[in-house]
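> Here it is, the structure in full.
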Amino acid sequence: MHDEQALRARANELASVHWHHSIRLFPDLLIEGSKSESLLQAEHAAILGPLDLAGREVLDIGSWNGYFAFEAKRAGAARVIASDSLCWHIPAFRGRETFDLGRECLGLDIEAKVIDPTQLPGDLAPVDIVLFLGVFYHMHDPIAVLKAAAALAREGLVIETHQDLLDLPRPGMAFYPRATLNGDESNWWGPNPECMFELLESIGWPQVYYQPHPVVGATRGIYHAFRTAEAAQRAFRGGHAVLDLRTPAGQAAAFARSASSPESTPARVGLLRRWFG
Ligand SMILES: C[S@@+](CC[C@H](N)C(=O)[O-])C[C@H]1O[C@@H](n2cnc3c(N)ncnc32)[C@H](O)[C@@H]1O
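Just add 1089 to the spot in the sequence shown (first one is 1) and you have my numbering.
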């Protein structure tokens, strides 16, 4: 059978499983996932749009059907690794097969690694940019996994997460025991933007840029974090909607409390540095 015919036959067979990403396998063949094509286009603009990926090495943790890995490669990344385990192994999702089909139909040279986020780094070595999208809040111990993901990033770490406690005027993270968020027992945590900023700062990622999700708003957040200003300059193009969380203006727009309060982050970080640093 002709290659394309064989791929279309596989697509036809896999069209009935649950896809998370809508993926246009051929110009005339769109597989519809729970994230619509238009939602993914908005996420693409917010997540990958501000990045210059040309020639970079990228790791996509929790890749599932592979949309963000595919798009990172299309955006010029020299090397892309997609990793996942859970959704690649759940029989009803046939996730690894959907990922393999996508990369073959799109003709993209992307490596695949079966590694659970809780088992990072596995056999992975650091890359330039790590994508940690839609995974943080699914982890029972998200800080440990965030640190493991961050340790795999030489320069940039991009996080997309569910958020909560948006009106709390201090860093906080809501806990959802027993499937209390959307009846989904895989949801554990909902941080607020101040919590994410402080967490990233505390593990050595001080350059943090934030956007509320472009479609659902601040119930989900997108963070572009960099180890240094130089790393940010190399990889980050920014954009009009992106808030720089190191600045009082960025904090005022992103956090529940006023950035001009004496309790604001720069003041506290300054004090800590004076005492310990
Ligand atoms: C919501 S999907 C995100 C997919 C994609 N990164 C995106 O943002 O569109 C969550 C991903 O994390 C993985 N995952 C979710 N919960 C997990 C858990 N408890 N343990 C291991 N992996 C999990 C799944 O396999 C899946 O690929």
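For each residue, glycine too, the CB sits at the ideal point set by N, CA and C.
1. For Ala1242, report the span of its beta strand (DSSP E) as first-last.
2. Which of the three DSSP states, helix, strand or coil, is assigned to Ile1199?
3. Taking the beta carbon of Gln1094 as the centre, do at least 16 other beta carbons fall within 10 Å, making it buried, or is it exposed?
4. May I ask whether a heavy atom of ligand 1 can be found less than 6 Å away from the beta carbon of Leu1222?
5. What runs of the alpha helix (DSSP H), each 4 residues or longer, lie entirely inside the stretch 1247 to 1297?
6. Check this for me: beta carbons of Ile1170 and Lys1202, under 7 Å apart or not?
7. Using 8 Å as the threshold, is the stretch 1325 to 1339 in touch with the stretch 1258 to 1274, meaning 3 or more CB pairs across them?
8. Hey, would you say the C-beta of Met1153 is under 6 Å away from at least one heavy atom of ligand 1?
9. If we call anything under 7 Å between Cβ atoms a contact, is Arg1145 one with Ile1218?
10. So is Phe1237 buried or exposed if we call it buried at 16+ other beta carbons inside 10 Å?
11. Rounded C-beta distance between His1109 and Trp1153? I'm assuming under 8 Å.
12. According to the neighbour-count rule (16 or more other Cβ atoms, all chains shown, within 10 Å of its Cβ), is Glu1319 buried or exposed?
13. Taking DSSP's pairing of strands, which residues face Phe1115 in a bridge?
14. Cα-Cα, which of Arg1168, Tyr1265, Thr1250, Pro1280 is closest to Leu1257?
15. By Cβ distance below 6 Å, which residues in the same chain neighbour Ala1268 in space, the five residues on each side in sequence not counted?
16. Quick one: what's got a C-beta closer than 7 Å to Phe1115's C-beta in the same chain, skipping five residues either side?
17. Should His1251 be counted as a contact of ligand 2 given a C-beta to heavy atom distance under 6 Å?
18. Considering only the alpha carbon of each residue, which of Ser1174, Ala1314, Val1147, Ser1172 lies closest to Ala1161?
19. Short of 6 Å in beta carbon distance, which residues of its chain neighbour Arg1168, apart from the five on each side in sequence? Order them along the chain.
20. Under 8 Å by Cβ, that's how I've got Gly1155 and Gly1191 pegged, so tell me the actual separation to the nearest angstrom.
21. Any heavy atom of ligand 1 inside 6 Å of the beta-carbon of His1227?
22. Could you round the C-beta distance between Phe1315 and Glu1244 to whole angstroms and report it? I think they count as a contact, below 8 Å.
23. Relative to the C-alpha of Ala1242, which candidate in Phe1221, Gln1252, Met1262 has its C-alpha closest?
24. Could you tell me the alpha carbon to alpha carbon distance between Ala1307 and Ala1342, rounded to whole angstroms?
25. Nearest to Ala1143 by alpha carbon, out of Leu1118, Gly1184, Glu1186, Ala1166?
26. Using a Cβ-based criterion (distance less than 6 Å to any ligand heavy atom), does Asp1205 qualify as near ligand 1?
27. Identify whether Ile1150 lies in helix, strand or coil by the three-state DSSP scheme.
28. Any heavy atom of ligand 1 closer than 6 Å to the beta-carbon of Ser1172?
29. Alpha carbon to alpha carbon, how far is Ser1291 from Tyr1298?
30. Could you tell me which whole alpha helix (DSSP H) segments of length 4 or greater appear in the stretch 1179 to 1232?
This is what the structure gives:
1. Position 153 of the sequence shown, counting from 1, holds the residue named residue 1242. Per DSSP, Ala1242 belongs to the beta strand (DSSP E) from 1242 to 1251.
2. The residue you call residue 1199 lines up with position 110 of the sequence shown. Three-state DSSP puts Ile1199 in coil, outside helix and strand.
3. Your numbering for residue 1094 matches position 5 in the sequence shown. Exposed, by the Cβ-count rule.
4. The residue given as residue 1222 occupies position 133 in the sequence shown. Yes, Cβ of Leu1222 sits closer than 6 Å to a heavy atom of ligand 1.
5. 1282 to 1291
6. The residue labelled residue 1170 in the question sits at position 81 within the sequence shown. The residue labelled residue 1202 in the question sits at position 113 within the sequence shown. Yes. Within cutoff.
7. no
8. What you label residue 1153 is simply residue 64 of the sequence shown in a count that begins at 1. The displayed chain sequence assigns Trp, not Met, to residue 1153. Yes, the Cβ of Trp1153 comes within 6 Å of a heavy atom of ligand 1.
9. Locating residue 1145 in the sequence shown gives position 56, counting from the first residue. Locating residue 1218 in the sequence shown gives position 129, counting from the first residue. Against a cut-off of 7 Å, the Cβ pair of Ile1218 and Arg1145 comes out as a contact.
10. By one-based count along the sequence shown, residue 1237 stands at place 148. For the record, residue 1237 in the displayed sequence is Ala; it is not Phe. That one is buried.
11. By one-based count along the sequence shown, residue 1109 stands at place 20. By one-based count along the sequence shown, residue 1153 stands at place 64. With 8 Å as the limit, His1109 and Trp1153 qualify as a contact, their Cβ atoms being about 5 Å apart.
12. Here residue 1319 is taken as the residue at index 230 of the sequence shown, counted from 1. With fewer than 16 other Cβ atoms within 10 Å, it is exposed.
13. Here the question's residue 1115 lines up with position 26 in the sequence shown. Leu1118, per the DSSP bridge assignment.
14. Within the sequence shown, residue 1257 is the residue found at index 168, counting from 1. Of the candidates Arg1168, Tyr1265, Thr1250, Pro1280, the one whose C-alpha sits nearest the C-alpha of Leu1257 is Pro1280.
15. Position 179 of the sequence shown, counted from the start, is the residue given in the question as residue 1268. If we look at Ala1268 and ignore the five residues flanking it on each side, its Cβ neighbours are Glu1274.
16. In the sequence shown, the residue the question calls residue 1115 occupies position 26. Closer than 7 Å at the Cβ level, and outside the excluded window around Phe1115, lie Cys1194.
17. The ligand content of the structure shown is limited to ligand 1, which means ligand 2 is not among them.
18. Walking along the sequence shown from the start, residue 1161 turns up at place 72. Of the candidates Ser1174, Ala1314, Val1147, Ser1172, the one whose C-alpha sits nearest the C-alpha of Ala1161 is Val1147.
19. Working through the sequence shown from its first residue, we reach residue 1168 at position 79. So the list reads Glu1146, once near-sequence residues are dropped.
20. As a position in the sequence shown, residue 1155 is number 66, starting the count at 1. As a position in the sequence shown, residue 1191 is number 102, starting the count at 1. Right, the Cβ-Cβ distance comes to about 5 Å (below 8 Å), so this counts as a contact.
21. Translated into positions along the sequence shown, residue 1227 becomes position 138. Yes, the Cβ of His1227 comes within 6 Å of a heavy atom of ligand 1.
22. As a working mapping, residue 1315 is identified with position 226 in the sequence shown. As a working mapping, residue 1244 is identified with position 155 in the sequence shown. Phe1315 to Glu1244, Cβ: 6 Å. Contact.
23. Residue 1242 sits at position 153 when you count from the first residue of the sequence shown. The shortest Cα separation from Ala1242 among Phe1221, Gln1252, Met1262 belongs to Phe1221.
24. Taking the first residue of the sequence shown as 1, we reach residue 1307 at position 218. Taking the first residue of the sequence shown as 1, we reach residue 1342 at position 253. Roughly 11 Å separates the two Cα atoms.
25. Taking the first residue of the sequence shown as position 1, residue 1143 is located at position 54. With distances taken between Cα atoms, Ala1143 lies closest to Ala1166.
26. Within the sequence shown, numbered from 1, the residue matching residue 1205 stands at position 116. It does: the Cβ of Asp1205 is within 6 Å (strictly closer) of some heavy atom of ligand 1.
27. In the sequence shown, the residue the question calls residue 1150 occupies position 61. Residue state, collapsed to three classes: strand.
28. Start at 1 with the first residue of the sequence shown, and residue 1172 comes out as number 83. Checking every heavy atom of ligand 1 against the Cβ of Ser1172, none is found closer than 6 Å.
29. The sequence position of residue 1291 within the sequence shown is 202, counting from 1. The sequence position of residue 1298 within the sequence shown is 209, counting from 1. Each residue's alpha carbon lies about 15 Å from the other.
30. 1184 to 1195
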